[in-house]
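When you read off a place in the sequence shown, starting at 1, and then add 11, the result is the number in my numbering. All residues carry an ideal CB built from backbone N, CA and C; glycine is no exception.
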Amino acid sequence: MFPFACFAWTIAVLLARGAIDQSCFHQDPGYGDDWYCQLDNGYMILMTDVTTYGEIRKIENQKAIGSARDQSPSIHLVSELQVAPRYILGRYGVPTPTTTERIGSASNAYFVLHLATNKMVAYPNLAALRAAAIEIGVKPKLAPIVEVYYQYRVPWFNQLAFVFLMIPPSLVFILISLWIWRIRPRWRNPPPTA
């Protein structure tokens, strides 16, 4: 009975965590194909199936966050990213005409997204991006998109969910172990018969 109760508890905690992640924190539930989280500036990171590249998408509809049906403006094939207070800087792959979706055969370009105007300016190389960043007062420090994703994901809630997942089964296991330990001497020495 105990293993089945643990399994049911695990399913309940994972489903509750997923529902709270999506409705309160606007991030993926931690299982499935999509990885997404909301940035502080009205944009979000979305990665599907892989974490080496993803997209930056403007949030226009809170209910459609993470949905494939959301047609908000976005920048695709982003592999590196930096979020500044008024700008988003990044590196993205531009597919060549002969290859449409493979990142391996894409040429890299860089961009600065101005959050006040929602306009993106593309740059052909890192030197041009650095010059533009210095001009707007940002020191370029690009990081892989998955690292930025983990910076903006709510980590304390995942830790709290893990505590909720582990404490009840652990307590029940300890209580069962103590009960077995207490009745164990009775099994070794049966009561004397008259």
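Return the residue from the list the options that minimises the CA-CA distance to residue i.
i: residue 102; options: 122, 96, 95; result: 122
i: residue 31; options: 171, 187, 17; result: 171
i: residue 139; options: 187, 169, 120; result: 120
i: residue 8; options: 26, 60, 38; result: There is no way to answer for residue 8, as the model of the chain reaches only from 12 to 205.
i: residue 46; options: 161, 17, 131; result: 161
i: residue 64; options: 177, 189, 195, 155; result: 155
i: residue 118; options: 135, 191, 146; result: 135
Short of 6 Å in beta carbon distance, which residues of its chain neighbour residue i, apart from the five on each side in sequence? Order them along the chain.
i: residue 97; result: 126
i: residue 169; result: none
i: residue 133; result: 120, 122
i: residue 62; result: 157
i: residue 131; result: 122, 124
i: residue 167; result: none
Given residue i, which residues of its chain have a CB within under 7 Å of its CB, disregarding the five upstream and five downstream residues?
i: residue 33; result: 40
i: residue 204; result: none
i: residue 183; result: 13
i: residue 194; result: none
i: residue 38; result: 32, 47, 48, 49, 164, 165
i: residue 113; result: For residue 113, the predicted model reports a pLDDT of 48, less than 50, meaning its position is unreliable; a value from the coordinates is still stated below. Result list for residue 113: empty, nothing under 7 Å.
i: residue 95; result: 149
Output yes or no for whether 9 Å exceeds the beta carbon distance between residue i and residue j.
i: residue 157; j: residue 55; result: no
i: residue 163; j: residue 44; result: no
i: residue 124; j: residue 99; result: yes
i: residue 42; j: residue 29; result: yes
i: residue 150; j: residue 144; result: yes
i: residue 36; j: residue 159; result: no
i: residue 180; j: residue 16; result: yes
i: residue 186; j: residue 20; result: no
On the DSSP bridge assignment, give the partners of residue i in chain order.
i: residue 101; result: 92, 122
i: residue 56; result: 48, 67
i: residue 130; result: 125
i: residue 179; result: The partner list for residue 179 (beta bridge, DSSP) is empty, contrary to what the question assumes.
i: residue 34; result: Its beta-bridge partners do not exist; DSSP assigns none.
i: residue 155; result: 91
i: residue 86; result: 67
Can you list, in chain order, the residues of its chain with a C-beta nearer than 8 Å to that of residue i? Leave out the 5 residues immediately preceding and following it.
i: residue 153; result: 91, 92, 93, 100, 101, 102
Checklist line | Stretch pair the region 86-100 + the region 59-73: three plus CB contacts closer than 8 Å | finding: yes
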